[in-house]
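Using this note's numbering, read the sequence shown as starting at 206 and increasing by one per residue.
Quick reminder that beta carbons are idealized off the backbone N, C-alpha and C, glycines included.
A quick note: this is a predicted structure, and the numbers were derived from the prediction, not measured.
To keep things clear, I will list the structure first and then write my remarks on it.
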Amino acid sequence: VIEVACDRCPINKYTITEACRGCVQHKCMEVCPAKAINKINGRAYINQDACRECGMCKQVCPYNAISEVMRPCKTVCPTGAICISPEDRRAVIKDEECISCGACMKACPFGAISDRSYIVPVMKSLKNNKNVYALVAPAISGQFGPKVTVGQVKDGLMKIGFKNMVEAACGADAVTCHEAEEFVERMEKGDNFMTNSCCPAFVSYIEKKFPDQVEKISGTVSPMIATGRWIKKKDKDAVVVFVGPCTAKKSEIGREGLKDAIDYVLTFEEIAAMLGAYEIEVEQCEDIEVEDGSALGRGFA
206 VIEVACDRCP INKYTITEAC RGCVQHKCME VCPAKAINKI NGRAYINQDA
256 CRECGMCKQV CPYNAISEVM RPCKTVCPTG AICISPEDRR AVIKDEECIS
306 CGACMKACPF GAISDRSYIV PVMKSLKNNK NVYALVAPAI SGQFGPKVTV
356 GQVKDGLMKI GFKNMVEAAC GADAVTCHEA EEFVERMEKG DNFMTNSCCP
406 AFVSYIEKKF PDQVEKISGT VSPMIATGRW IKKKDKDAVV VFVGPCTAKK
456 SEIGREGLKD AIDYVLTFEE IAAMLGAYEI EVEQCEDIEV EDGSALGRGF
506 A
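Here it is, written out as structure tokens:
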């Protein structure tokens with residue numbers, strides 16, 4: 206969360222409604238740790254400047270007279286990783302709960318939540334003439350418009366300094382075969398199901414919310430990791446940059462046991478910004494032949 210950008214959403218999370226009976230118990234007032242609730246004209250009233258948004262008043266109200274309105278970022282978070290700072294009511298992400306799915310980034314109306322960007326180190330690698338490879342996700346098809354081919358995107362990337370562009374679809378083919386063998390082996394041992402391991406947000410979600418099911422996750426690496434390792438095996442000096450639609454991939458490259466495959470991750474938005482900075486119009490680029498992966502491998506999109 207970018208502190209200066211977070212507007213602290215001027216939303217009063219808890220509000221006393223007309224259902225308040227002004228009861229003599231006044232449980233809401235008793236439990237409020239901030240002493241933010243007072244009685245005005247016979248009904249409870251929340252002083253929003255003092256409210257910590259803890260929700261204790263709503264929990265104890267016998268008349269269900271306290272309404273709750275969630276902030277956009279907090280509403281969409283699937284793990285409850287976003288909390289509100291009691292000091293300044295700013296949104297705070299609990300790293301131990303976050304799965305890097307990016308839902309909060311999309312929901313924040315102020316653009317106050319951002320992911321880590323690798324544009325600068327990628328640009329430095331290109332400027333230093335290193336062997337930089339763009340490893341693109343299958344979703345690259347159609348990303349730059351219905352008339353732009355994957356071959357044109359490849360030509361555009363090579364014009365700004367990438368040594369080559371490789372489709373992650375070729376790794377998807379290998380992953381599919383390996384996962385199929387793993388699935389058969391597990392079923393023969395008595396397992397009743399096995400989940401895919403390609404989505405880092407999903408893997409993190411299982412690890413943090415259903416730790417007893419972690420063993421059901423496939424041990425096969427994702428197509429991104431498989432293809433990245435293949436590139437580095439062919440070129441010992443390779444700098445591999447994964448380009449895809451998902452911000453969660455940025456967290457995957459930092460996981461233990463996977464750090465050897467990918468150096469940086471860029472989103473489609475970031476790679477489009479780089480092409481724009483170089484004034485490269487992919488619509489005008491040459492349609493280079495691309496035959497890295499099969500149609501089924503590209504189906505991983």
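Quiz prompt | Collapsed DSSP secondary structure at K455 in the structure displayed | solution = helix
Quiz prompt | 3-residue-minimum beta strand (DSSP E) runs that sit fully inside the stretch 226-294, ordered along the chain | solution = 242-245, 248-251, 271-273, 287-289
Self-check item: Short Cβ contact (7 Å threshold) for A239 with I251
Solution: no
Self-check item: DSSP state of A506 mapped onto helix, strand, coil
Solution: Confidence at A506 is low in this model, with a pLDDT of 49, below 50, so its placement is unreliable and the value that follows should be read with caution. Here A506 sits in coil by DSSP.
Self-check item: the stretch 390-403 in contact with the stretch 411-426 per 3-pair CB rule at 8 Å
Solution: yes
Quiz item: What distance in whole Å lies between the Cβ atoms of V470 and P428, which are believed to be in contact at a cut-off of 8 Å?
Solution: No, P428 and V470 are not in contact; Cβ-Cβ is about 14 Å, not under 8 Å.
Practice problem: Quick one: grab the DSSP three-state call for A296. | Solution: strand
Self-check item: Buried versus exposed call for C282 [16 or more other C-beta atoms within 10 Å across all chains shown]
Solution: buried
Quiz item: Leaving out the 5 sequence neighbours to the left and right, which residues in its chain are closer than 6 Å to V327 when beta-carbon positions are compared?
Solution: V446, Y469
Quiz item: Around the Cβ of A224, are there at least 16 other Cβ atoms within 10 angstroms (buried) or fewer (exposed)?
Solution: exposed
Exercise. With a 10 Å radius around its C-beta and 16 neighbouring C-beta atoms as the bar for buried, classify C405 as buried or exposed.
Key: According to the sequence shown, residue 405 is Pro rather than Cys. That one is buried.
Self-check item: Any chain B beta carbon closer than 7 Å to I345
Solution: The question asks about chain B, but that chain is absent: this structure has only one protein chain.
Quiz prompt | Counted within 10 angstroms of its Cβ, other Cβ atoms place E258 as buried (16 or more) or exposed | solution = buried
Self-check item: Start-to-end residues for the alpha helix (DSSP H) that takes in I411
Solution: 405-414
Quiz item: Are I430 and A377 closer than 7 Å when you measure CB to CB?
Solution: no
Quiz item: Which partner residues does L362 have in the DSSP bridge list?
Solution: In the DSSP output, where bridge partners are listed per residue, L362 has none listed.
Quiz prompt | beta strand (DSSP E) segment containing I485, residue limits | solution = No beta strand (DSSP E) contains I485, which DSSP labels as neither H nor E.
Self-check item: Neighbourhood of P291 by C-beta, 7 Å cutoff - its chain only, sequence neighbours within 5 removed
Solution: R257
Practice problem: Can you tell me the Cβ-Cβ gap for I304 and K413, rounded? I've got them flagged as a contact below 8 Å. | Solution: 7 Å
Practice problem: Compute the beta-carbon to beta-carbon distance between R213 and D293, rounded to the nearest angstrom, for a pair I have assumed lies under 8 Å. | Solution: 7 Å
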